[in-house]
Each structure stands twice: as structure tokens, then as C-alpha cells.
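Below: the structure, in C-alpha cells.
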Ligand SMILES: [Zn+2]
């Protein structure tokens, strides 16, 4: 695992589990839109929409990025300590029953344990290439991909459930949302990976998964993404691949149910539906 270098003060909090002075942290009184990441390993931990003013002197959130935070009993025998699930960095403590927000949960986090990437520095991409469990498993390992989410796009119903999209009647595709840092990885690289971790020539589904929701598509956000995708499809056609991937203007992305998020990393299983095949 790649770790960022820590200052002595950061080590004091993140490794030695000390607590920063209340009101002293740079994210305590801070309201910008973006993603809070782990200071040590850069894993996405909290979205700005989860942040609320608790008045306690530390940044407070009422939710976490799926599976980003690990809970352990604190050495004081009373509180619940929270750690970065990826690298074990000490973040702070978790409190419930305070009724600050409807979620009734407060992740009380040291600013020192966090870094922040503002929304304007992040880009998004949406790929549909069969079962979203397998797609997410590959994309979440890519440097520069800050966050991946499994969900649904391209259909008609609002806030669709998995059962609804499986009926094929809503028209949704199982889709992966990627939030990435364009200074580390670009849309072309991500699209090339997309075309190599699923079979873009299959028209009725993907691998053993047959059905409308498993079809191959790139939901582009702008003309740059559309033209990049077109260019790669032409390259593949030039190599003899009869590409079935559709290019569709991105619509609303609906998050899938939490049991679909990070399925393979949670279960320790390996995708049956996707594998890497070099095509470029
Ligand atoms: Zn971490």
C-alpha cells in the first residue's frame, strides 16, 4: 500500500491516536463541497454532504463512504474508535444517540487525519459493462480513482430498486460511477480499461449475465468524453472487434442498494463475470 509521508504532528494523531485540540483543526469550520480523504492512504472517507456543524470543535459527519470506516472498541473501554478501513489510520470516535441529524450518528474526526479534494478538481465517468460487482472490483484499484459507486443509469423509473431494474422494464443499465482525479488518470485511460475488462462485442448481456441491464454502454458527460469513446471504438473496430458498446448522454445516476457496493472487497470473493483481456 502506498502511504503519504506524515509530519510529526500527523503521526501523533494518526498513529499514536492522540486528539487534536478542539477548534484548532482546519476542517472544523469548513464548508466547501468535495470529498474528504485519508491523510495517510488517500482513501475516500466522507462526502461534504455528510458534514454538519456539531459545535464540538472537530469536523463531524453523519455518514461515511461505503465501508470506508472501521469501528473498534476504544482503549478507554467506553467509546468507539474509528479507523480508516484501508490503512488503519486513527480518525477519531463515533457517537450515536445525540440526535444531531436524522441518521443520529456522529463521526467525530480529527482534521489532521483528513485531506480534502474540492468538487471542481474531481471528474466523473459512468460505465456500464455487465454486473457492476465485477466492474467496481477492477476500477476501484486504479490510482487516481477516488471513489466508485455501483448504481443504475439509462432508465425511466425514479429511484429504481435492484428488483425493478432486473425486470428489464425500467431500461436501466448496471452502471459504475467513477470519481477521479484527472491529474492522475484521464478518461481515455479509464475507457481503455473499460473496453478490456468486459467484452464490448457482446450484445445481449455480459458473460453469463444475460439481460438488458447488463449491456455495454458509456454514459458520456460532455463532448470530450463522447469523442474519446468514439475514437477508442473506432480503434477497436479497426482491429476487427464488432463493438456493441452504446454511447449515451449521461442521465441521473441512482446509487444501488448498499449490499451491492464493494461486493467483492467485502466478501473476499473474485469476479466470475469479468477478466482483463488486452485489446489495445
Ligand atoms: Zn487510510
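In the numbering used here, the protein residues as written are 42 to 321. From the three backbone atoms N, C-alpha and C, an ideal C-beta is built for every residue, glycine too. None of these values were measured; they are calculated from a predicted model.
Collapsed DSSP secondary structure at residue i in the structure displayed
{"i": "residue 112", "result": "strand"}
{"i": "residue 237", "result": "helix"}
{"i": "residue 135", "result": "strand"}
{"i": "residue 121", "result": "strand"}
{"i": "residue 207", "result": "helix"}
{"i": "residue 250", "result": "strand"}
{"i": "residue 255", "result": "helix"}
{"i": "residue 163", "result": "coil"}
Residue i beta carbon near ligand 1 (any heavy atom closer than 8 angstroms)
{"i": "residue 335", "result": "The question about residue 335 has no answer, for the chain in this structure spans 42 to 321."}
{"i": "residue 95", "result": "no"}
{"i": "residue 112", "result": "no"}
{"i": "residue 83", "result": "yes"}
{"i": "residue 79", "result": "yes"}
{"i": "residue 270", "result": "no"}
{"i": "residue 191", "result": "no"}
{"i": "residue 297", "result": "no"}
{"i": "residue 130", "result": "yes"}
According to DSSP, residues forming a beta bridge with residue i
{"i": "residue 101", "result": "93, 149"}
{"i": "residue 321", "result": "Beta-bridge pairing links residue 321 to no other residue."}
Exposure label - residue i; buried when at least 16 CB within 10 Å
{"i": "residue 190", "result": "buried"}
{"i": "residue 318", "result": "exposed"}
{"i": "residue 245", "result": "exposed"}
{"i": "residue 45", "result": "exposed"}
Limits of the unbroken beta strand (DSSP E) element including residue i
{"i": "residue 87", "result": "85 to 88"}
{"i": "residue 188", "result": "186 to 194"}
Endpoints, the alpha helix (DSSP H) within which residue i is located
{"i": "residue 393", "result": "The structure shown does not extend to residue 393, since the chain is modelled only from 42 through 321, so no value can be given for it."}
{"i": "residue 197", "result": "No alpha helix (DSSP H) contains residue 197, which DSSP labels as neither H nor E."}
{"i": "residue 308", "result": "304 to 308"}
Residue i beta carbon near ligand 3 (any heavy atom closer than 8 angstroms)
{"i": "residue 127", "result": "Ligand 3 is absent from the structure shown, which contains only ligand 1."}
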